[in-house]
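Asker:
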Amino acid sequence: MKALILIGGLGTRLRPLTCHTPKPLLPIVNKPFLEYQFELIKSHGINEVTLCLAYMPHVFEKHLGSGKKWGLKINYVHEKEPLGTGGAIRNAIKHIDETTVVFNGDILTDINLKSMLAFHRKNKSFVTIALTRVKDPTAFGLVETDKTGRIERFLEKPSWDEVTCNTINAGIYVFEPQAVELIPAGVSFSVERGLFPNLLARQYRIFGYTFNGYWMDIGTVEKYMQANFDLMSGNYRFTSGSAKAVSKLRGAARLAGNNSRISGNLVCGKNVKIGDFVQLNGNVCLGDGVVISKGSSLSDTIVLKGTAIGEGVKAENAIIGEDCVIEPNSVLGQMTVLGNKTLIRKYSKL
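Numbering-wise (our numbering), the sequence shown opens with residue 78 and increments by one.
Set out below in structure tokens:
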């Protein structure tokens, strides 16, 4: 089995973080998000992955290279213009010569791909869609199945009166090559709104594989922050990242200055400096080279690499981009999000 990841989106809901960094390369606990997908893919015996690129393709190629670092062969396929989920898959058809698992490029999950593939083959499915359960299905497209998992209906963002189940499309698919051939070439096309309903209407065997593991779409600021915190607190346990977070937590405490207080989960990158009388509460993640100066207080905050926090700064539920400068006595309020190289003057309140 091969893998394909759709990473052509602009990441507009994560701006300003994505103005200079593509969404799949934003760090989750100091490691680019896409690497978590690589680790999942590799752990299930997949050695070749195709990346469908549109936004900042050169950044991916420079950062990821051949894929040797992860024991993968990486193929790059470029879109001259946005083609949608279906068009992107069709554009990569030369790399889909066997059963292929397809990921949306913003899904953090611990799904068992071997189990999903076995389900796909057992049911002789043309396409299998991973399904996850949610508390509020009205914000998503519902997928109804029969007792065997065969899909019976798609229902886009239903009202509560229309809700008959709580299973939604998780953005992970298993495709047979013949299914990809049915996608029109060279045009923008959606598998969710185009291919899947068409296959259902034509009575192809389409199944839904429901799993109960961790699932998070990191496509919004709130979800991106939550994914970081879930990994730090151990709610997402698939990769070695959780274990590394715990070990770094102990090391980070030794970096703190005199009379500093660390309460909660703290993860630090390399060469982090924490001054005297600093308070770090809840989940705090500090990237490489971050400096937290005397008397500052951070709660549930993510600070990306190279940023300098001045004296007496307060930040709560904030995301601070790379190489920012926060001058003394500034206040970053709830859900403040700063892009890379932002300068916040002293005594500012956001």
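Every residue, glycine too, gets a C-beta built ideally from N, C-alpha and C.
Do you know offhand how far residue 116's Cα is from residue 126's?
Answerer: Along the sequence shown, read from residue 1 onward, the residue named residue 116 stands at position 39. Along the sequence shown, read from residue 1 onward, the residue named residue 126 stands at position 49. Distance between the alpha carbons of residue 116 and residue 126 is about 12 Å.
Asker: In the structure shown, what three-state DSSP assignment does residue 393 receive?
Answerer: The count along the sequence shown starts at 1 and reaches residue 393 at position 316. Note: residue 393 maps to strand in three-state DSSP.
Asker: Could you say if the segment 236-244 and the segment 212-219 meet the contact criterion of at least three C-beta pairs nearer than 8 Å?
Answerer: Yes, the segment 236-244 is in contact with the segment 212-219.
Asker: Would DSSP call residue 359 helix, strand or coil?
Answerer: Translated into positions along the sequence shown, residue 359 becomes position 282. Reduced to three states, the DSSP call for residue 359 is strand.
Asker: With which residues is residue 293 paired in a DSSP beta bridge?
Answerer: Numbered from 1 along the sequence shown, position 216 holds the residue referred to as residue 293. Note: residue 293 sits in a beta bridge opposite 185.
Asker: Going by DSSP, what residues sit across from residue 233 in a beta bridge?
Answerer: One-based indexing of the sequence shown puts residue 233 at position 156. Per DSSP, 218.
Asker: Using a Cβ-Cβ cutoff of less than 8 Å, which residues in the same chain neighbour residue 205 once the five nearest sequence positions on both sides are dropped?
Answerer: Reading the sequence shown from its first residue, position 128 is the one you call residue 205. Counting only Cβ-Cβ distances below 8 Å, and skipping sequence neighbours, we find 193, 196, 197, 250, 251, 283, 284, 285, 286.
Asker: Measure the alpha-carbon distance for residue 166 versus residue 83 and round it to whole angstroms.
Answerer: Counting from 1 along the sequence shown, the entry for residue 166 is found at position 89. Counting from 1 along the sequence shown, the entry for residue 83 is found at position 6. Rounded to whole angstroms, residue 166 to residue 83 spans 8 Å at the Cα level.
Asker: State the DSSP-derived secondary structure class of residue 163, mapped to helix, strand or coil.
Answerer: Residue numbering aside, residue 163 sits at position 86 when the sequence shown is read from its first letter. If DSSP states are grouped into helix, strand and coil, residue 163 belongs with the helices.
Asker: Between residue 146 and residue 119, what straight-line distance do the alpha-carbon atoms span, to the nearest angstrom?
Answerer: Within the sequence shown, numbered from 1, the residue matching residue 146 stands at position 69. Within the sequence shown, numbered from 1, the residue matching residue 119 stands at position 42. So the two alpha carbons sit approximately 11 Å from each other.
Asker: Can residue 305 and residue 291 be called in contact, C-beta distance under 8 Å?
Answerer: Within the sequence shown, numbered from 1, the residue matching residue 305 stands at position 228. Within the sequence shown, numbered from 1, the residue matching residue 291 stands at position 214. Not closer than 8 Å, so no.
Asker: Under 8 Å: do the segment 101-112 and the segment 149-163 share three or more Cβ pairs, one atom per stretch?
Answerer: Contact fails: fewer than three Cβ-Cβ distances are below 8 Å.
Asker: What three-state label does DSSP hand residue 125 in the structure shown?
Answerer: Position 48 of the sequence shown, counting from 1, holds the residue named residue 125. Reduced to three states, the DSSP call for residue 125 is strand.
Asker: Could you give the distance in angstroms between the alpha-carbon of residue 161 and the alpha-carbon of residue 422?
Answerer: Start at 1 with the first residue of the sequence shown, and residue 161 comes out as number 84. Start at 1 with the first residue of the sequence shown, and residue 422 comes out as number 345. If I take the Cα positions, the gap works out to 41 Å.
Asker: Using C-beta distances below 6 Å, list every residue in its chain close to residue 427, excluding the 5 sequence neighbours before and after it, in chain order.
Answerer: Counting from one through the sequence shown, the residue named residue 427 turns up at place 350. Contacts found: 409, 410, 413.
Asker: If I follow the unbroken beta strand (DSSP E) through residue 81, where does it start and stop?
Answerer: Stepping through the sequence shown from its first residue, residue 81 is reached at position 4. Taken as a continuous stretch (DSSP letters only), the beta strand (DSSP E) holding residue 81 covers 79-83.
Asker: According to DSSP, simplified to helix, strand and coil, what is residue 180?
Answerer: On the sequence shown, residue 180 is found 103 positions in, with the first residue counted as 1. In the structure shown, residue 180 sits in a strand (DSSP, three-state: E or B).
Asker: Per DSSP, what kind of secondary structure is residue 89 in: helix, strand or coil?
Answerer: What you label residue 89 is simply residue 12 of the sequence shown in a count that begins at 1. It is helical.
Asker: Give the single residue among 224, 189, 184 whose Cα lies nearest to the Cα of residue 200.
Answerer: The sequence position of residue 200 within the sequence shown is 123, counting from 1. Answer by Cα proximity: 224.
Asker: Helix, strand or coil for residue 262, going by three-state DSSP, please let me know.
Answerer: If you number the sequence shown from 1, residue 262 lands on position 185. In this structure, residue 262 counts as coil in the three-state DSSP scheme.
Asker: Cα separation between residue 105 and residue 143?
Answerer: For the purposes of this step, residue 105 is taken as residue 28 along the sequence shown, with counting starting at 1. For the purposes of this step, residue 143 is taken as residue 66 along the sequence shown, with counting starting at 1. Approximately 22 Å between the Cα atoms of the pair.
Asker: Take residue 188 and list the residues in its own chain whose beta-carbon comes closer than 8 Å to its own, dropping the five residues that flank it on each side.
Answerer: The residue given as residue 188 occupies position 111 in the sequence shown. 117, 207, 247, 249, 288, 290, 292, listed in sequence order.
Asker: Return yes when the Cβ of residue 130 is within less than 8 Å of the Cβ of residue 396, no when it is not.
Answerer: In the sequence shown, the residue the question calls residue 396 occupies position 319. In the sequence shown, the residue the question calls residue 130 occupies position 53. Cβ distance not < 8 Å, so residue 396 and residue 130 don't count as in contact.
Asker: So what does residue 104 bridge to, in DSSP terms?
Answerer: Here residue 104 corresponds to residue number 27 of the sequence shown, with the count starting at 1. Per DSSP, 109.
Asker: Provide the residue span of the alpha helix (DSSP H) that contains residue 354, from first to last.
Answerer: Residue numbering aside, residue 354 sits at position 277 when the sequence shown is read from its first letter. It is not in any alpha helix (DSSP H) - residue 354 carries neither H nor E in the DSSP assignment.
Asker: Look at residue 163 and residue 271 and say whether their C-beta atoms are less than 8 Å apart.
Answerer: Position 86 of the sequence shown, counting from 1, holds the residue named residue 163. Position 194 of the sequence shown, counting from 1, holds the residue named residue 271. Going by C-beta atoms, residue 163 is nearer than 8 Å to residue 271.
Asker: Looking at residue 124: is its Cβ nearer than 8 Å to the Cβ of residue 149?
Answerer: Translated into the one-based positions of the sequence shown, residue 124 becomes position 47. Translated into the one-based positions of the sequence shown, residue 149 becomes position 72. Result yes, Cβ atoms of residue 124 and residue 149 sit closer than 8 Å.
Asker: Is the CB-CB distance between residue 362 and residue 380 below 8 Å?
Answerer: Locating residue 362 in the sequence shown gives position 285, where the first residue counts as 1. Locating residue 380 in the sequence shown gives position 303, where the first residue counts as 1. Cβ distance < 8 Å, so residue 362 and residue 380 count as in contact.
Asker: For residue 99, count neighbouring C-beta atoms within 10 Å of its own C-beta (all shown protein chains included) and say buried if the count is 16 or more, exposed if not.
Answerer: Here residue 99 is taken as the residue at index 22 of the sequence shown, counted from 1. The residue is buried, with at least 16 neighbouring Cβ atoms inside 10 Å.
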